[in-house]
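Per this note's numbering: the sequence shown = residues 1160 to 1579.
Ideal Cβ positions, reconstructed from N, Cα and C, are used throughout, including at glycine.
All remarks here apply to the structure that follows.
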Amino acid sequence: MLFKIIIFIHVYRRSIEKNVGRSTLLEDFRNSRLPNLTLHDLTEHIVEFSQDQHGSRFIQQKLERASDDEKQLVFNEIIGQAYQLMTDVFGNYVIQKFFEFGTPQQKQALAQTIRGSVLDLALQMYGCRVIQKALESISTEQQKEIVKELDGHVLKCVKDQNGNHVVQKCIECIEPSALQFIINAFQSQVQALSTHPYGCRVIQRILEHCNPEQTSSILQELHTHTEALVQDQYGNYVVQHVLEHGRPEDKTKIIMMVRGKVLALSQHKFASNVVERCITQAMRSERSMLIEEVCNYPDNALYTMMKDQYANYVVQKMIEVAESQQRKTLLLRIRPHVSSLRRFTYGKHILAKLDKYMNTGSKSATTAAASVTTSPSSSSSTTTAAPTTTSENVTSSSSTATGTTTISSINGCNNEPIDK
């Protein structure tokens, strides 16, 4: 009880101390005693209001509909305290709002206050947000002036929880010719940055926005380390990004690395994501090659994949995208394992996927399963957005009245529902 009283007194004192520094105007506003307050009423109190949670929100809302005179009134008071506000938990939002709704002259003047402090702001929790908003709002020439200040500090920013967002925004907003110093900083660092929680994001932005001459050196290093990257919790995202957005020749290099290793990589938490992406993004002949590799595995290897928590999604994806003859081969290879697959959570996912494709009336499915009819079921697979896969509840039903059977009856199993 005594401890609670002490805590209460401490909190109360801090509250009193904090309130002492507030003006009467701000106190009245916070206590809802000024319902019709305008920006003109805040003369000589703009900075104070900007650094208050409620005052900052009030100014932001007013700026969205403010006249040029009102904007200038606010601007005149904040320009001298711009850096202080940029690094303030509430003040930074007022500065951002000016970059969004201010006049061109006001935006230019605010951008000038950033000069000489770009690195410090980029590494600061609130300042980094201001830099990003500025880069979206200012002229090309001012963008180049700001980004120059990061030259020599690229890796420091990329590895920083705040700075990496600034580097990403630079890559998104500024023409590639002004970003060569970023590419140069990445030389011989691509593997290390691709396996970094922030660096992997920047690598992806480079691959999206920079020109082929700049990305070629990045891709060359990536291909040297592909096998290690696909098994990394962050590197696998970079490889998936190349598979989804890269040139055909770069996709092929990755797929050829995966070839011959589908079984091992499919059972890996992170690499299985890449194998799935290979299957969906490959050219027809490459996809056929990967599926054929699985079809040619001994029965026990395919069975291992089907009941594995990661590899089962690879098999599902193959069933989903395979052409008619290959799907038929897969179904025939899976059929002997139907009974035992029912005992495994992930094996049930395979049965659900089979049911789905048999229910579509596919010629290959009906050939393999001899006129199987089921109710539709859903399945899930891994995506680039997360390194792990999700699972689902799967149910299969039968209608004995019409003489139809479920996939589970192919091997003489009882027609009982498949529940996870």
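- Task: Whole angstroms is fine: what's the gap from V1313's alpha carbon to P1457's?
- Result: 50 Å
- If you follow the alpha helix (DSSP H) that Y1242 is part of, which residue opens it and which one closes it? 1241-1245
- Task: Helix, strand or coil for M1442, going by three-state DSSP, please let me know.
- Result: coil
- Message: For chain C, check one thing: does any of its Cβ atoms lie closer than 7 Å to the Cβ of A1268?
- Response: This model lacks chain C altogether; it includes just one protein chain.
- On the three-state DSSP scale, how would you describe H1496? helix
- Member of A1351, V1253, E1308, G1506 whose CA lies at the smallest distance from the CA of K1292: V1253
- Under 7 Å between the Cβ atoms of L1489 and Q1440? no
- What residues in its chain sit with their C-beta under 7 Å from that of V1219, if we drop five residues either side in the sequence? The sequence shown places Gln at residue 1219, rather than the Val named in the question. For Q1219, where only same-chain residues beyond five positions count, the Cβ hits under 7 Å are Y1252, V1253, K1256.
- Item | Minimum C-alpha distance to L1366 - residue among G1394, H1400, L1338 | H1400
- Query: What are the start and end residues of each continuous alpha helix (DSSP H) run of 4 or more residues lying completely inside the segment 1209-1241, in chain order?
  - Reply: 1212-1222, 1227-1237
- Message: Considering just the uninterrupted stretch of the alpha helix (DSSP H) at P1371, what are its terminal residues?
- Response: 1371-1383
- Query: Which value, in whole angstroms, describes the spacing of the CA atoms of E1229 and C1437?
  - Reply: 56 Å
- Item | Buried or exposed by the 16-neighbour rule on C-beta atoms within 10 Å, applied to E1331 | exposed
- Query: Is T1283 helix, strand or coil when you go by DSSP?
  - Reply: Looking at the sequence itself, residue 1283 is Gln, so the reference to Thr does not match. Coil, per DSSP.
- Every unbroken alpha helix (DSSP H) inside the segment 1257-1343 [4 residues or more]: 1263-1273, 1277-1281, 1286-1296, 1299-1307, 1313-1317, 1322-1332
- Identify which residue in Q1392, R1501, I1413, H1382 has its Cα closest to the Cα of M1442. I1413
- Task: Would you kindly check if the distance between the Cβ of F1340 and the Cβ of D1310 is under 7 Å?
- Result: yes
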